[in-house]
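Note that the sequence shown covers residues 5 to 381 in our numbering.
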Amino acid sequence: GKQLERELEARGFTMGHDPDSVELSTLGGWIATNASGMKKNRYGNIEDIVLEATLVTGIGDVEARHATPRNATGVAPRVWLFGNEGNFGIITKAVVKVHPIPEAREYGFLVFKTLDDGVRFLKRLRHEGAVPASIRLVNNTEMRFGQALKPAPSFFHGLLDRAKKFLLIKIKRFDPLKMAGCTIVMEGTAREVASQRETIFSLGSEFGAMSGGASNGRRGYTLTFGIAYIRDFFNQFHIMGETFETSVPWSRIHDVIGAVEEELAKQAKIHSLPSKPYLAYRVTQTYHTGVCIYFTMGFSGKGLDQPDEIYHHVESSLREAILANGGSLSHHHGIGKIRKGFLPKIQTDASLQLLRETKRALDPKNVFAIRNGAIDA
5 GKQLERELEA RGFTMGHDPD SVELSTLGGW IATNASGMKK NRYGNIEDIV LEATLVTGIG
65 DVEARHATPR NATGVAPRVW LFGNEGNFGI ITKAVVKVHP IPEAREYGFL VFKTLDDGVR
125 FLKRLRHEGA VPASIRLVNN TEMRFGQALK PAPSFFHGLL DRAKKFLLIK IKRFDPLKMA
185 GCTIVMEGTA REVASQRETI FSLGSEFGAM SGGASNGRRG YTLTFGIAYI RDFFNQFHIM
245 GETFETSVPW SRIHDVIGAV EEELAKQAKI HSLPSKPYLA YRVTQTYHTG VCIYFTMGFS
305 GKGLDQPDEI YHHVESSLRE AILANGGSLS HHHGIGKIRK GFLPKIQTDA SLQLLRETKR
365 ALDPKNVFAI RNGAIDA
């Protein structure tokens, strides 16, 4: 993914698809998993970006053709490409939308007294149609984790930081253990970015937010690309962690978050975890009807018998809590093997049978025996 973006940038263009895994994932993988990038608001999800694609199957090529704005030509072959997770074949080529590299790019950061203030701000911003390329609301735990990873400031910048903290906590009465942060990336023409900046920060002030500076916005955005490396580093110290996500209606955001927090505390007691589990979350994507919530969960497995099984059980119980409170099985990570057991809860028998019959039709010799999602063979 990163190589593709570098090749485009060398020619003055960008695809705009910027997932957390951009250094490790590929265009074919994005299509096969129905991926979403952090700049979805400006450039779209992968299904909005890809115009044509070819899937090589056991009986021949299945192609999504005709790079035109829209088609009404019956059931389109593209439905078997996006989200097929490798079950039906291999994606070998694609035609995608590209855009000129933005004239201007700015980062920003807003601090809210509570996560709820930030959620209400995001909903208002979405419905006013002023959403920037990327805007993500992080809870207190994730915000403090990001701040803990900051390099030591110079003496001058240290003074400025202390002054800002004094204003935030002592004057404005923000609780350090309750406030939430919002990382912002604005892209486009200089005029567009100026307009976005004015709207976002003006609206933010209506919800009691304070600006946290462009440097915190940049750091919060780029930190996302390091989460997998941080996870692998922590593994050396018996700390097990992973991310999982869901999409929920605006009205169920707090229900889902509360259910996950409650269930994790319950599981910690059931399995006698040696310390309090880590749970952070952020609202990463917004839509007219709802949002994507992205969780990071981890705990120490030191001294536990079969820690991998315990982790899988804990994660599954959190997924159950999400589904029970109106969340989806996945927003963009897909199903794979870990979540396939939940499919009967979200799809009818006929829907699952359709997928399995399609597998048999496209791959009669079961060449692509990856067994992801609904496919068991």
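A virtual CB, placed ideally from N, CA and C, is assigned to each residue, including glycine.
Beta-carbon proximity list for residue i, same chain, < 8 Å, skipping 5 on both sides
i, result
"I327", "According to the sequence displayed, residue 327 carries Leu and not Ile. Here the set comprises L333, F346, K349 and I350."
"V264", "L283, Y285, F299, L322, A325 and I326"
"E319", "E246, F248, M301 and I342"
"S158", "Any reading at S158 must be qualified, since the residue scores a pLDDT of 40, below 50, and its modelled position is unreliable; no value is offered."
"L356", "L347, P348 and A378"
"L268", "P281, L283, M301, V318 and L322"
"H316", "I342"
Coarse secondary structure for residue i, derived from DSSP in three states
i, result
"L164", "Confidence at L164 is low in this model, with a pLDDT of 43, below 50, so its placement is unreliable and no value can be given for it."
"T30", "coil"
"F151", "Reading off the sequence shown, one finds Gln at residue 151, where the question assumed Phe. Of the three classes helix, strand and coil, the one that applies to Q151 here is helix, per DSSP."
"R256", "helix"
"P311", "helix"
"K273", "helix"
"Q7", "helix"
"S158", "Reliability of the predicted coordinates at S158 is poor, the pLDDT of 40 falling under 50, and the value obtained from them is presented with this limitation in mind. It is coil, neither helix nor strand."
"R177", "coil"
"S332", "coil"
"V189", "strand"
"E196", "helix"
"G345", "helix"
"S219", "helix"
"E110", "strand"
"I53", "helix"
"I339", "coil"
"V123", "helix"
"D24", "coil"
"S206", "helix"
"G264", "As written in the sequence, residue 264 is Val, which differs from the Gly given in the question. V264: helix per DSSP, three-state reduction."
"L85", "coil"
"F372", "coil"
"A76", "coil"
"F211", "coil"
"D380", "coil"
"G41", "coil"
"A71", "coil"
"A134", "coil"
"L366", "helix"
"T145", "helix"
"E351", "Correcting the residue identity first, residue 351 is Gln in this sequence and not Glu. Reduced to three states, the DSSP call for Q351 is coil."
"G230", "helix"
Nonlocal neighbours in the same chain, by C-beta distance under 6 Å from residue i, ignoring five residues either side
i, result
"H275", "I314"
"L164", "Note that L164 has pLDDT 43, beneath the 50 cutoff, so the model's placement of it is unreliable and the number below is only indicative. For L164, where only same-chain residues beyond five positions count, there are no Cβ hits under 6 Å."
"F160", "For F160, the predicted model reports a pLDDT of 36, less than 50, meaning its position is unreliable and no value from the coordinates is stated."
"L359", "A378"
"T96", "T58 and V60"
"F178", "K117 and L172"
"I339", "G377"
"V295", "V287"
"G162", "The pLDDT assigned to G162 is 42, lower than 50, so where the model puts this residue is not dependable; a value taken from the coordinates is nonetheless given after this. Cβ neighbours of G162 beyond the five flanking positions: none."
DSSP beta-bridge partners of residue i
i, result
"L59", "V66 and I95"
"Q289", "C296"
"T250", "I297"
"Y225", "Per DSSP, none; premise fails for Y225."
"H103", "T18"
"R303", "Correcting the residue identity first, residue 303 is Phe in this sequence and not Arg. M244."
"I139", "I188"
"L283", "M301"
"F116", "A184"
Cβ-Cβ separation, residue j to residue i (assumed contact under 8 Å), whole Å
i, j, result
"R201", "M214", "In fact, because the Cβ distance is near 15 Å, the residues do not count as touching under 8 Å."
"Y291", "G221", "22 Å between Cβ atoms; not a contact."
"N91", "I379", "5 Å"
"A76", "A68", "With a Cβ gap of about 14 Å, A76 and A68 do not count as contacting."
"A152", "K43", "The Cβ separation is near 26 Å, so there is no contact."
"G5", "T30", "6 Å"
"E27", "F229", "7 Å"
"I231", "C186", "Contact flag wrong, Cβ pair sits at about 18 Å."
"F86", "L207", "At roughly 34 Å, the Cβ-Cβ gap does not stay under 8 Å, so F86 and L207 are not in contact."
"G224", "G150", "6 Å"
Same chain only: Cβ atoms within 7 Å of residue i, ignoring 5 sequence neighbours per side
i, result
"N329", "R256, D259, V260 and A263"
"V99", "L55, E56 and A71"
"Q7", "none"
"P106", "E191 and G192"
"P311", "M244 and G305"
"P253", "T293, G294 and G330"
- [ ] Say whether the segment 15 to 26 touches the segment 38 to 49, bearing in mind that this needs 3 or more beta-carbon pairs closer than 8 Å, one atom from each stretch.
- [x] Per the Cβ contact rule, the segment 15 to 26 is in contact with the segment 38 to 49 (3 or more Cβ pairs under 8 Å).
Task: the segment 361 to 371 / the segment 115 to 129 touching (three or more Cβ pairs under 8 Å) - done: The segment 361 to 371 is not in contact with the segment 115 to 129.
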